[in-house]
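Below you can see the structure in the form of structure tokens.
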């Protein structure tokens, strides 16, 4: 049975969205890829609403069985972090509304899944996404290729049954898990 995964590379100016289907033997095929763009001069509420509406339309059209979102571990540009967090929140709300499970994957986890190296650059990730999906060209812009990489990462981990297996966590995932546990523990005090 094939599994359909919506990958989201969240962003306020450019939000990459890609849908893949994984079948037997972890064979992955492209369903859809796009980049949702908003005008930086528009009101924040309008930009978030536009992205939310387009992602919801995509969910209804492609009917994914899972949504995978890139989890940003840290970033130096505060305005970029805020945009990523805001769009991630929209995707989480839509997943809840449509009863679709959500999985977060770190950038290094995604890179390692598609290239074999958690330190791969954008060009390497894009080239491997194109190769894995049998595409003649790398999806442009990089946000589109990244969304497909996120979807492929989850599809393969899900097919291998390792999504919930804490023994299979990458060092970055373990660090994130430890930080989340510490934050939860401090809230209880």
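Residue numbers (the working numbering): 2 to 190. Each residue gets a CB set at the ideal place from its N, CA and C atoms; glycine is no exception. On a predicted model such as this, the values are computed, not experimentally measured, just so you know.
Counting every other CB atom within 10 Å of its CB across the protein chains shown gives residue 13 a total of 16 or more, marking it as buried. Two segments are said to touch when three or more pairs of C-beta atoms, one from each, lie closer than 8 Å; by this definition the region 29-38 does not touch the region 76-87. Per the Cβ contact rule, the region 147-158 is in contact with the region 115-130 (3 or more Cβ pairs under 8 Å). Less than 8 Å separates the beta-carbon of residue 8 from that of residue 151. Rounded to the nearest whole angstrom, the CA to CA distance from residue 117 to residue 63 is 29 Å.
Take residue 93, set aside five residues on each side of it, and the residues of its chain with a beta-carbon closer than 7 Å to its own are 103, in chain order. Partner residues in a beta bridge of residue 72, as assigned by DSSP, do not exist.
Residue 106 has its alpha-carbon roughly 7 Å from the corresponding atom of residue 69. Cβ-Cβ distances below 7 Å link residue 115 to 126, 129, 130, 133, 150, 153, 154 in the same chain, with the five nearest sequence neighbours on each side left out; the list follows chain order.
A Cβ-Cβ separation of about 14 Å leaves residue 10 out of contact with residue 110 under the 8 Å criterion. In the DSSP assignment, residue 26 forms no beta bridge with any residue.
In the three-state reduction of the DSSP assignment, residue 114 falls in the helix class, which pools H, G and I.
Residue 89 is classed as buried because its beta carbon has at least 16 other beta carbons within 10 Å across all chains shown.
In this structure residue 42 does not touch residue 52 by the C-beta definition: roughly 16 Å separates them, more than the 8 Å allowed. In the displayed model, residue 63 falls within a helix according to three-state DSSP. For residue 99, no beta strand (DSSP E) run applies, since DSSP gives it neither H nor E.
Taking residue 140 as reference, the option from 31, 100, 5 with the minimal CA-CA separation is 31. Separation of the CB atoms of residue 142 and residue 101 is rounded to 26 Å, and the pair is thereby denied contact status at 8 Å. The beta carbon of residue 3 sits closer than 8 Å to those of 22, 23, 24, all from its chain and outside the five residues before and after it, given in chain order.
As a beta-bridge residue in DSSP terms, residue 36 pairs with 17.
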